[in-house]
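A short write-up of the structure that comes next.
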Ligand code: PGA
């Protein structure tokens with residue numbers, strides 16, 4: 613049985629005061645739902661320390677939105693895994709579509725980041741997903757397959773046990789367009805099958821696969837009811853504690 617896992621990706625939003633207020637409101641409203649659902653929030657780097665202190669008494673985990681693969685040195689502007697652990701991070705997002713398509717990260721860079729995070733003892737939310745043109749050209753499976761195979765090169769089953777996969781069709785992120793539950797399920801099942809081939813069926817049965825892309829209270833229950841949808845990675849709706857909490861409640865009911 614896979615425990616549902618919901619992540620709130622705050623992206624480049626909030627300021628220090630509103631980040632703390634959001635984290636605290638969430639901790640209050642989530643209460644014992646974390647018995648049934650794993651929950652993490654991904655604040656901007658500069659607020660990680662403050663937010664993890666605000667969440668110290670709660671079961672909500674903290675994640676960064678990115679990492680760098682080197683451990684220290686002359687890498688101006690980058691943040692290492694040790695720095696993230698130092699400020700209370702348990703998870704890191706790697707390969708988010710905005711980093712792939714806005715910043716220009718490659719599968720090779722993403723692979724180095726996934727490896728560095730695992731080696732440092734961090735848990736990884738590894739994001740994949742196709743562009744609209746790729747979906748329209750019926751390349752979704754191939755694109756996602758390549759992102760997973762290249763992103764996980766050289767990572768054995770023990771390492772991969774620290775990974776959650778987030779399937780986020782790029783055309784659904786921040787657009788209000790959500791993949792239908794059937795579209796999400798189809799890709800999630802393909803991913804699980806791929807993971808079974810790369811590792812083992814037993815391993816694939818354990819790995820959690822989140823859906824992301826305009827997930828909101830109105831569609832959370834239906835998405836979570838799909839057999840291979842084990843959680844959600846939520847952008848916009850995670851900035852409203854009442855919306856995020858209602859989605860966590862839907863996930864708890866899906867168990
Ligand atoms: P969205 O973002 O929920 O605002 O579409 C999801 C994500 O990018 O993780």
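Numbering (our numbering), first residue to last: 613 to 867.
Note that CB positions come from ideal geometry on N, CA and C, so glycine has one too.
For clarity, every value in this text was computed on a predicted model and none was experimentally measured.
query: Simplified DSSP assignment, three categories, for residue 600; result: Lying outside 613 to 867, the shown extent of the chain, residue 600 is not represented and no answer is given.
query: Own chain residues within Cβ distance below 6 Å of residue 749, not counting five before or after; result: none
query: Residue 797 - containing beta strand (DSSP E), residue span; result: Taken as a continuous stretch (DSSP letters only), residue 797 belongs to no beta strand (DSSP E), being part of the alpha helix (DSSP H) at 793–810.
query: Stretch pair the region 626–644 + the region 841–861: three plus CB contacts closer than 8 Å; result: yes
query: beta-carbon residue 676 near the ligand PGA non-hydrogen atom, thresh 7 Å; result: no
query: beta-carbon residue 764 near the ligand PGA non-hydrogen atom, thresh 7 Å; result: no
query: Collapsed DSSP secondary structure at residue 822 in the structure displayed; result: strand
query: Residues bridged to residue 831 [DSSP beta-bridge criterion]; result: According to DSSP, which records beta bridges pairwise, residue 831 is partnered with nothing at all.
query: Sufficient close CB pairs (3 or more, under 8 Å) joining the region 764–779 to the region 726–744; result: yes
query: Nonlocal neighbours in the same chain, by C-beta distance under 7 Å from residue 820, ignoring five residues either side; result: 614, 617, 776, 842, 843
query: For residue 696, the nearest candidate out of 659, 716, 722 (CA to CA); result: 659
query: Counted within 10 angstroms of its Cβ, other Cβ atoms place residue 725 as buried (16 or more) or exposed; result: buried
query: Through-space distance from residue 678 to residue 720, alpha-carbon basis; result: 15 Å
query: Inter-residue CB distance, residue 626 and residue 655 (contact presumed, cutoff 8 Å); result: 7 Å
query: Endpoints, alpha helix (DSSP H) assigned at residue 753; result: 752–763
query: Segment limits, alpha helix (DSSP H) that includes residue 638; result: 628–642
query: Span of the beta strand (DSSP E) around residue 735; result: 735–740
query: Beta strand (DSSP E) runs contained entirely in the region 639–703, provided each spans 3 or more residues; result: 650–654, 673–676
query: Boundaries of the beta strand (DSSP E) in which residue 618 is found, first to last residue; result: 617–621
query: Distance cut-off 7 Å: residue 862 Cβ against heavy atoms of the ligand PGA; result: no
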